[in-house]
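*Asks:* Read in order, the letters of the sequence shown correspond to residues 1194 to 1402 in this note's numbering.
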Amino acid sequence: MRTPLTPRHTGMADAVEFSLQMGVPDAGQPEAVRLYWQAFRSKLGRVLGPDALAIDLLGGAVQANHAVVALNRSGDLVAMAGFRSAEGGFMPLAPRNLTRVYGRLGGLWRSALLRQLGDDLGDDQFVIEGVVVHPDWRGRGLGSAMIAELAAHARASGYDCVRLEVSDDNRRAKALYQRLGFQTVRHQRLRFLSPVFGMSGSTIMTRFV
Ligand SMILES: CC(C)(COP(=O)(O)OP(=O)(O)OC[C@H]1O[C@@H](n2cnc3c(N)ncnc32)[C@H](O)[C@@H]1OP(=O)(O)O)[C@@H](O)C(=O)NCCC(=O)NCCS
1194 MRTPLTPRHT GMADAVEFSL QMGVPDAGQP EAVRLYWQAF RSKLGRVLGP DALAIDLLGG
1254 AVQANHAVVA LNRSGDLVAM AGFRSAEGGF MPLAPRNLTR VYGRLGGLWR SALLRQLGDD
1314 LGDDQFVIEG VVVHPDWRGR GLGSAMIAEL AAHARASGYD CVRLEVSDDN RRAKALYQRL
1374 GFQTVRHQRL RFLSPVFGMS GSTIMTRFV
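1. At a threshold of 7 Å, does Gly1232 count as lining ligand 1 (C-beta to nearest heavy atom)?
2. List the endpoints of the continuous beta strand (DSSP E) containing Val1271.
3. Please report the straight-line C-alpha distance between Glu1280 and Arg1333, rounded to a whole angstrom.
4. Does the beta-carbon of His1259 have 16 or more other beta-carbons within 10 angstroms, so that it is buried, or is it exposed?
5. Please confirm whether Ala1272 and Leu1335 have their CB atoms less than 8 Å apart.
6. How about the segment 1388-1397 and the segment 1299-1319: do they share at least three Cβ pairs that are nearer than 8 Å?
7. Less than 7 Å between the CB of Val1217 and some heavy atom of ligand 1, yes or no?
8. So, is Ser1453 buried or exposed, given that buried needs 16 or more other C-beta atoms within 10 angstroms?
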């Protein structure tokens, strides 16, 4: 499924001067990777570090059409929210991507560890992933606007539900998702892998769209 790459203002754009568009523009891809790594480094740093290799991996993996982004008035990318659907995900850390960057053995063990982060809820739902707002832009409605945009996109693509996952330590994000109507469907504990990913577990939440 292809999504149009046309900028589109939201109702909140006038107040906070940002616009949303489906798809990461070419010029915004390095910033998308940087924001992603900055936000998820504490969770993935032990497995994907050092930084240069992780940035290389993410840069090669990004699927530009699997995200909504927010741009400021100069057209700079200031936020993004990725999604996974039947056609694939936003930053798929597939074995072949890992092998390209870390070699065969390095790719194998990283792949095995990353599989522990997934859930077994299947690929028939629309999954929101990689939601990040630049620190200077947080608390101004961008996260909520991007999630609303993805919910509308999911509905238009024939889904009746969206799913996302939030780490136990991310209380503010979880509170935001609850306010936006998401409900907990499952909590998963990482057990012996919690020191590797720096969190005890995560909550899976869903919402009808
Ligand atoms: C979580 C996040 C995407 C929310 O985006 P946002 O644009 O700030 O969200 P909104 O402005 O629509 O809503 C604000 C609410 O977001 C939540 N929030 C979470 N982290 C926040 C932060 N660092 N700063 C401000 N708000 C945050 C709060 O519930 C806040 O409401 P509050 O001010 O009453 O506490 C953003 O804070 C972020 O990028 N955090 C770092 C990456 C991350 O944790 N992503 C989520 C992974 S599941």
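Every residue, glycine too, gets a C-beta built ideally from N, C-alpha and C.
*Replies:* From the atom records:
1. Per the sequence shown, the amino acid found at residue 1232 is Ala instead of Gly. Yes, since a heavy atom of ligand 1 falls inside the 7 Å radius drawn around the Cβ of Ala1232.
2. Leu1270 to Arg1277
3. Spanning the two alpha carbons is a distance of roughly 31 Å.
4. buried
5. Closer than 8 Å, so yes.
6. yes
7. No; taking the cut-off as 7 Å, the Cβ of Val1217 has no heavy atom of ligand 1 nearer than that.
8. The requested residue 1453 does not occur in the structure, where the chain is confined to residues 1194 to 1402.
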